[in-house]
Amino acid sequence: MLRLVKMRRLVLALSLGVALLGAAAGTALWHVFKPMRALSEPSLQTNGFQVDQLQLQYERFLEALWAFSAGKLDAAALSFRLDIVASRLAPARQLSGISELPGPNGVLQELEKRIDAWTPVVASLSDGDAASVARAAELIVEVKKFRSQVQDMVVETNRAFSDRRDQDRLLFFARFRWLLTAVAALTLGLLLLFGVLWRQLRRSSQLGDSLAELNLTLEDRVARRTVQLQDRERQLHTILDASPIAVALLRLDGPTMLFANQRFRQQFGVSDGLEVVLPAFEAIFADPAALREFWQVYSIARGVEGYEVQLIGGAGRVWALVSARELVMDGAAVLLFWAYDISTRKELEAELRQLAHTDPLTGVLNRRAFTERSAQAIAAAQRHGRPLAVLMLDIDHFKVVNDSHGHAAGDLAIQQVAEVSLRSLRAIDLLGRLGGEEFSILLPETGAEEALATAERLRAAIAQTPVLLDGLRIMLTVSIGLSSLAAQDDDQALYRRADAALYQAKRAGRNRVVVADISFSDSRS
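With UniProt numbering, the residue at position 271 of the sequence shown is 271, and numbering never jumps.
If you want it as structure tokens, here you go:
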């Protein structure tokens, strides 16, 4: 009767334990599924697509304006192209999280206002009408001016959404580790409960057995328990080895590495079973200054969280988010270290920065990037009293090239001028496309005579290099205005003189270099 009662208690306890374990597993699956579903939410994957499509349609509208001005597109098609831009605006403004980005949200609001203003203008255009062509030209100027804001909005939006996805992934990994610990604890508790009840049951049936048999039974149970613990240790190692995060456990008083998962060993060249001392661990930091900062933060908080740093592995340098915690094992302080590879994200950010500062047709600096960098160079030259010169360059008769040979020839001409200019300049010189067929060149550490020689050499090189298109040889010339930095100059005064000199070169017959002096002013005003 007593054995039956104990058996019932055992069955009840096991049933309760299984129910608790099932509930814990269900909760774990729910908490894992919830962030996984959020990470796979379509809005997170299509946010970048929507703003990219808006920018693409904006660029196509600008191309349509050019085509209309050249008589290659009718007014109805142009109006249809503007409608497409407007249709892309609403999905972009409804993107999840876009309202939290004041910059992109402001650009979208401003673009909506501009589209509302452009719509009646485009609707009033007529095919073959000179006045309509003139209005289209005015629209081209306005659309081109707003283009940089649209490009910046796309870059900032994509960066923000990328950061959001990274934060969600890190949160998911944190939840997963916590839930795994909780489930493991419940499982261990269930096994302990089962062991206690099972032991009581066996003891009640073996009271008459000999001491030798009891010892043998105990030894058998210890052996089984050891196997279970070994299995659990192997399972934990298997889980850690499958993790995409490099994990290591380092003893600080030795110091030796107690454990490194497969990702850590592969990424940083640690052999299985090989003791790794602290200096070898520190060698994975690419920058000694970053290593010092890592230990400084660790010494204050006894831990590091999300420290962005470059590490050196078997495949070279990688960007990683590293974290560390101090633990106590067997009475000794140990360091739990893990690193998450973010090299792909860093490469994407670098590509986005490059796109934001580069002219898409020529690959040289765009107007915004050139203006920022030239202002810094001019300020440095003024501060240290160093010579500096500026060239304003414009392709002669560019409209004739476009009208006679098409926009493809015009694009080739612009690209060739940029390529010849880059070959003729030094590494420290700056070349930027200001828009259309106009370029600007900044020559640091260059006096007036040397700048004039550079300008003449560049002018001659362009004149001697034909544009080849479908068997045609199109010869180009350029007009150049040159201005040297004076003591009282700011960047605006320097560029005004260079621009005035360029205008004088145009008036004097083109294909020449005109040097501006301090008294030069823009005679076009």
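For each residue, glycine too, the CB sits at the ideal point set by N, CA and C.
Beta-carbon proximity list for THR358, same chain, < 8 Å, skipping 5 on both sides:
In the sequence shown, counting from the first residue as 1, residue 358 sits at position 358. So the list reads VAL364, LEU365, ASN366 and ALA369, once near-sequence residues are dropped.
Could you check what DSSP says for PRO91 in three-state terms: helix, strand or coil?
As a working mapping, residue 91 is identified with position 91 in the sequence shown. Note: PRO91 maps to helix in three-state DSSP.
How big is the Cα-Cα spacing for ALA19 and PHE194?
For the purposes of this step, residue 19 is identified with residue 19 of the sequence shown, where counting begins at 1. For the purposes of this step, residue 194 is identified with residue 194 of the sequence shown, where counting begins at 1. Answer to the nearest angstrom: the Cα atoms are 14 Å apart.
Determine the DSSP secondary structure at GLN310, reduced to helix, strand or coil.
For this step, residue 310 is matched to residue 310 along the sequence shown. For GLN310, the three-state secondary structure derived from DSSP is strand.
Completely contained alpha helix (DSSP H) runs for the stretch 348-432, where each covers 4 or more residues:
Segments of the alpha helix (DSSP H) lying fully in the stretch 348-432: 367-384, 398-405 and 407-424.
Between the Cα of ILE480 and the Cα atoms of LEU430, SER421 and ALA455, which residue gives the shortest distance?
Counting from one through the sequence shown, the residue named residue 480 turns up at place 480. Across the set LEU430, SER421 and ALA455, the C-alpha of ALA455 shows the shortest separation from the C-alpha of ILE480.
Counting only the same chain and skipping the five closest in sequence on each side, list residues whose C-beta sits under 6 Å from that of ILE115.
Stepping through the sequence shown from its first residue, residue 115 is reached at position 115. These residues qualify, in order along the chain: ALA86.
Look at the Cβ atom of VAL390, then the Cβ atom of LEU458, and state whether they are nearer than 9 Å.
What you label residue 390 is simply residue 390 of the sequence shown in a count that begins at 1. What you label residue 458 is simply residue 458 of the sequence shown in a count that begins at 1. Result no, Cβ atoms of VAL390 and LEU458 do not sit closer than 9 Å.
Which value, in whole angstroms, describes the spacing of the CA atoms of SER148 and THR181?
Translated into positions along the sequence shown, residue 148 becomes position 148. Translated into positions along the sequence shown, residue 181 becomes position 181. Rounded to the nearest whole angstrom, the C-alpha separation of SER148 and THR181 is 50 Å.
Could you give the distance in angstroms between the alpha-carbon of ASP127 and the alpha-carbon of ALA134?
Counting from 1 along the sequence shown, the entry for residue 127 is found at position 127. Counting from 1 along the sequence shown, the entry for residue 134 is found at position 134. Answer to the nearest angstrom: the Cα atoms are 12 Å apart.
From TYR503, ALA70 and VAL150, residue whose alpha carbon lies closest to that of ASN402
The residue you call residue 402 lines up with position 402 of the sequence shown. Ranking the options by Cα distance to ASN402, first place goes to ALA70.
Residue range of the unbroken beta strand (DSSP E) whose run includes PHE337:
The residue labelled residue 337 in the question sits at position 337 within the sequence shown. Taken as a continuous stretch (DSSP letters only), the beta strand (DSSP E) holding PHE337 covers 332-341.
Is the Cβ-Cβ distance between GLU305 and SER323 less than 9 Å?
In the sequence shown, residue 305 corresponds to position 305, counting from 1. In the sequence shown, residue 323 corresponds to position 323, counting from 1. Yes; because the gap between Cβ atoms is below 9 Å, this pair is in contact.
Classify LEU274: buried if its beta carbon has 16 or more other beta carbons within 10 angstroms, exposed otherwise.
By one-based count along the sequence shown, residue 274 stands at place 274. Note that LEU274 scores 49 on pLDDT, short of 50, meaning its location in the model is unreliable; the coordinates nonetheless yield the value given after this. Flag for LEU274 reads exposed.
Which residue wins for smallest C-alpha separation from ALA246, given the options GLN267, ARG232, VAL227 and THR238?
Sequence index remark: in the sequence shown, residue 246 carries index 246 (1-based). Ranking GLN267, ARG232, VAL227 and THR238 by Cα distance to ALA246 puts GLN267 first.
Measuring straight from C-alpha to C-alpha, what distance separates ARG88 and LEU54?
In the sequence shown, counting from the first residue as 1, residue 88 sits at position 88. In the sequence shown, counting from the first residue as 1, residue 54 sits at position 54. If you draw a straight line from the Cα of ARG88 to the Cα of LEU54, it comes to about 5 Å.
Which residue comes first and which comes last in the beta strand (DSSP E) that contains PRO444?
Taking the first residue of the sequence shown as 1, we reach residue 444 at position 444. DSSP places PRO444 in the uninterrupted beta strand (DSSP E) bounded by 438-444.
Measure the C-alpha to C-alpha separation of ASP517 and ARG497 and round it to an integer number of angstroms.
The residue given as residue 517 occupies position 517 in the sequence shown. The residue given as residue 497 occupies position 497 in the sequence shown. About 8 Å.
As a quick exercise: from VAL196, ALA356, LEU361 and LEU73, pick the residue whose alpha carbon is nearest that of ALA136.
Sequence index remark: in the sequence shown, residue 136 carries index 136 (1-based). In this structure, LEU73 is the residue among VAL196, ALA356, LEU361 and LEU73 with its C-alpha nearest to the C-alpha of ALA136.
Do you know how far the Cα of LEU502 is from the Cα of SER525?
In the sequence shown, the residue the question calls residue 525 occupies position 525. In the sequence shown, the residue the question calls residue 502 occupies position 502. At SER525 the pLDDT is 37, less than 50, meaning the model places this residue with poor confidence; the figure from the coordinates comes in the next sentence. Going from the Cα of SER525 to the Cα of LEU502 covers about 14 Å.
Could you work out which residue in ASN105, LEU139 and VAL107 is closest to PRO120 when comparing CA atoms only?
Numbered from its first residue, the sequence shown carries residue 120 at position 120. Here the closest residue by C-alpha is LEU139.
What residue from ALA461, ALA377 and GLY316 has the CA that sits closest to ASP489's CA?
Position 489 of the sequence shown holds residue 489. Ranking ALA461, ALA377 and GLY316 by Cα distance to ASP489 puts ALA377 first.
Does the distance from the CB of LEU95 to the CB of THR157 come in under 9 Å?
To locate residue 95, count along the sequence shown from 1; it is residue 95. To locate residue 157, count along the sequence shown from 1; it is residue 157. Yes. Within cutoff.
Select from ALA75, THR27 and GLU112 the residue whose C-alpha is nearest the C-alpha of ALA92.
Working through the sequence shown from its first residue, we reach residue 92 at position 92. Nearest to ALA92 by alpha-carbon distance, out of ALA75, THR27 and GLU112, is GLU112.
DSSP beta-bridge partners of PHE259:
Locating residue 259 in the sequence shown gives position 259, counting from the first residue. Partner(s): LEU249.
With DSSP as the reference, please indicate the residues paired to LEU327 in a beta bridge.
Taking the sequence shown and counting its residues from 1, one reaches residue 327 at position 327. In DSSP, LEU327 forms a bridge with VAL334.
Starting from SER299, follow the beta strand (DSSP E) in both directions and report where the run begins and ends.
As a position in the sequence shown, residue 299 is number 299, starting the count at 1. Run containing SER299: none in the beta strand (DSSP E); it sits in the alpha helix (DSSP H), 288-301.
Option nearest GLU142 by Cα separation, candidates GLY331, PHE61, THR344 and GLY48:
Start at 1 with the first residue of the sequence shown, and residue 142 comes out as number 142. Among GLY331, PHE61, THR344 and GLY48, the Cα nearest to that of GLU142 belongs to PHE61.
Using the three-state DSSP reduction, which class does ILE115 fall into: helix, strand or coil?
Start at 1 with the first residue of the sequence shown, and residue 115 comes out as number 115. The answer is helix: DSSP assigns ILE115 an H, G or I state.
Which runs of the alpha helix (DSSP H) spanning at least 4 residues fall entirely within the stretch 110-157, listed in chain order?
Counting only unbroken stretches of 4 or more residues, no alpha helix (DSSP H) element lies wholly within the stretch 110-157.
Whole-number beta carbon distance between ALA320 and VAL309, since they are thought to touch under 8 Å:
What you label residue 309 is simply residue 309 of the sequence shown in a count that begins at 1. What you label residue 320 is simply residue 320 of the sequence shown in a count that begins at 1. Taking the Cβ atoms as the reference, VAL309 lies roughly 6 Å from ALA320, within the contact range of under 8 Å.
Applying the criterion that 16 or more other CB atoms from any shown protein chain within 10 Å of the CB defines a buried residue, is LEU475 buried or exposed?
Position 475 of the sequence shown holds residue 475. Contrary to the premise, residue 475 reads as Met rather than Leu in this sequence. It is exposed - the Cβ of MET475 has fewer than 16 other Cβ atoms within 10 Å.
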